[in-house]
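Student:
Chains as they are written, first to last, in our numbering: chain A, 1 to 266; chain B, 1001 to 1260.
1) Does the beta carbon of residue 184/A come closer than 9 Å to any beta carbon on chain B?
2) For chain A, check one thing: does any of its Cβ atoms lie closer than 9 Å to the Cβ of residue 1046/B?
3) In chain A, what lies closer than 8 Å to residue 1033/B by C-beta?
4) Using a Cβ distance threshold of 8 Å, determine whether the stretch 1206-1224 of chain B contacts the stretch 1142-1162 of chain B, with at least three qualifying pairs required.
5) Residue 1178/B and residue 39/A look like a contact to me (Cβ under 8 Å); what is the Cβ gap, rounded to whole Å?
6) On the CB-based measure, 16 or more other CB atoms within 10 Å of its CB, does residue 224/A come out buried or exposed?
7) Under DSSP, the alpha helix (DSSP H) around residue 1067/B begins and ends at which residues?
8) Please work out which residues of its chain come closer than 6 Å, Cβ to Cβ, to residue 1027/B, disregarding the five sequence neighbours upstream and downstream, and give them in chain order.
9) Roughly how many angstroms separate the alpha carbons of residue 1006/B and residue 1106/B, rounded to a whole number?
10) Enumerate, from N- to C-terminal direction, the unbroken alpha helix (DSSP H) stretches of 4 or more residues contained entirely within the stretch 1196-1221 of chain B.
11) May I have the straight-line CA-CA distance separating residue 1043/B from residue 1034/B, to the nearest angstrom?
12) Quick test of your reading: residue 1082/B and residue 1163/B, contact by CB under 8 Å. State the CB separation rounded to the nearest angstrom.
13) Is it right to say residue 105/A is buried, meaning 16 or more other beta carbons lie within 10 angstroms of its own, or is it exposed?
14) Using a Cβ-Cβ cut-off of 7 Å (strictly less than) and excluding sequence neighbours within five positions of residue 47/A, which residues of its own chain qualify?
15) Counting only Cβ pairs nearer than 9 Å, list the residues of chain B close to residue 57/A.
16) In whole angstroms, give me the CA-to-CA distance for residue 252/A and residue 237/A.
17) Relative to the alpha-carbon of residue 256/A, which residue among 228/A, 195/A, 166/A has its alpha-carbon at the smallest distance?
18) Taking the alpha helix (DSSP H) that residue 74/A falls in, what are its first and last residues?
19) Please list, in chain order, the chain A residues whose beta carbon lies closer than 7 Å to that of residue 1174/B.
20) With a threshold of 8 Å, are at least 3 pairs of Cβ atoms found where one atom belongs to the stretch 1069-1081 of chain B and the other to the stretch 1230-1239 of chain B?
21) Tell me the DSSP secondary structure of residue 1051/B in three-state form.
22) Are the stretch 50-64 of chain A and the stretch 26-33 of chain A touching by the rule of at least three beta carbon pairs closer than 8 Å?
23) Going by DSSP, what residue range makes up the alpha helix (DSSP H) through residue 237/A?
24) Reducing DSSP to helix, strand and coil, say where residue 223/A ends up.
25) Contact criterion: CB-CB distance below 9 Å. Does residue 1193/B meet it with respect to chain A?
26) Just checking, does the stretch 1106-1118 of chain B make contact with the stretch 1009-1017 of chain B on the three C-beta pairs under 8 Å criterion?
27) Report yes or no: do three or more beta-carbon pairs, one from the stretch 70-89 of chain A and one from the stretch 1055-1067 of chain B, lie closer than 8 Å?
28) So with Cβ pairs under 9 Å, would you call residue 1159/B a contact of chain A?
29) In three-state terms, what does DSSP make of residue 57/A?
30) Just checking, does the stretch 177-197 of chain A make contact with the stretch 151-164 of chain A on the three C-beta pairs under 8 Å criterion?
31) Residue 1096/B: which of 1008/B, 1190/B, 1251/B sits nearest, CA to CA?
32) So, helix, strand or coil for residue 245/A, using DSSP?
33) Please compile the residues from chain A whose C-beta is within a distance smaller than 7 Å of the C-beta of residue 1188/B.
34) Among 1125/B, 1048/B, 1161/B, 1047/B, whose alpha-carbon lies nearest the alpha-carbon of residue 1249/B?
35) By DSSP, does residue 1132/B sit in helix, in strand, or in coil?
36) Which class does residue 1223/B belong to by DSSP, given the choice of helix, strand or coil?
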């Protein structure tokens, strides 16, 4: 327990330092955030324009789709804000920087993700929270708690795929191209009611690449639409746990890969 | 005059081919995007046969084409110019006897050509997903598309030149890409844009890179509309040429060479 508290304390300190570093380039930060909002905004503008003509998307109203969109975006932001530094892992390995990380008395993964805070991704968080708050249905305290758990769970689902694919670069396999693609699939397909895709695609996006569990399944719970899901309601209510389980699994893969890491330096 | 420009175009082509794995990922993302659009639009159309004068089949064909076009014409030169201005390498571009703008334009054309080569294997897939059939107006399609491409290159040249003032165009060019793709109608045909958004989209030149040629292809625009579109495109090109010339004359005197 004391070990975890110490790790969290150090993580917070490292993160604050990197935040200070990023804020040195103030204009760049502002532009980065604005671009993030514009990027996500243009994605939602598509939904808005389409649903201006057609009020229903597979039985979901514009407000409901907006809520789903906001939930996914917020979960995505909570994954990408800390974990975007994993993108630099390849560089750390190639330059032998990882050796230094391994020598320090702090969990290597914590050190790596504390290297840089994805300040630009604050735009995603902003856009996501705005959509989430504006489009939220009236929720009971228990449902608000479920919503928070869903955000964390969704973030962990995306984070576990990122971690597994990134850890491949510890052993010369290049998982980054695949990671970019998987990330793209999560972003592209995650914000729509899965029944839009129907049949095989919906099945794949639920059980093979669990895009549905990031936001669609929990949003169905919060909007009282579990009847239309392709999983039992009980599973839907437990959906935030999937993120925890997947991340625990991903962390084991990461540890295993790290044990077999061979330094590139001399 | 022609030989150095052909050289620039060749470099642009090689540049595109050098980043093969990037292009493969982009092509996969393109296919995913067309697939997503197909699913979403099919879901909202439901049973209704037509909306805003477009059948679902025509709409799906339109979307695939508009996305292919947008992918192929995505400008690369703002990124290149940004890098070369930041590092001071733009000095070498300016000291060549061939004009800076024509060098950049030639680079872009070569790059686009490389993109088309890389795109070739994906075209059948996209055409299949989008169920595209041959067009009844091949001439109108080629005319509106080629003029639209000229407009697109001139707009990206404008962004390159703006870099001489701001010295930083990274965010501007990303924003440009988002705005231009959206107003080009790659996800929604312009005829679906409501109210003021529709008026704005009609007034902006971005529609000539996506909506107009693709709508001509599927027959959503026809007859006199095609002729009018071509005339307006020519007018845009003339206006942009004048603007570019005026801006370039001032930019030239402002050049800052970084480094030393």
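Every residue, glycine too, gets a C-beta built ideally from N, C-alpha and C.
Tutor: So, from the data block:
1) yes
2) yes
3) 188
4) yes
5) 6 Å
6) exposed
7) 1056-1073
8) 1122
9) 7 Å
10) 1211-1218
11) 14 Å
12) 6 Å
13) exposed
14) 65, 69
15) 1040, 1043, 1044
16) 26 Å
17) 166/A
18) 62-83
19) 35
20) no
21) strand
22) no
23) 233-237
24) coil
25) yes
26) yes
27) no
28) no
29) strand
30) yes
31) 1008/B
32) helix
33) 46, 49, 50
34) 1161/B
35) coil
36) coil
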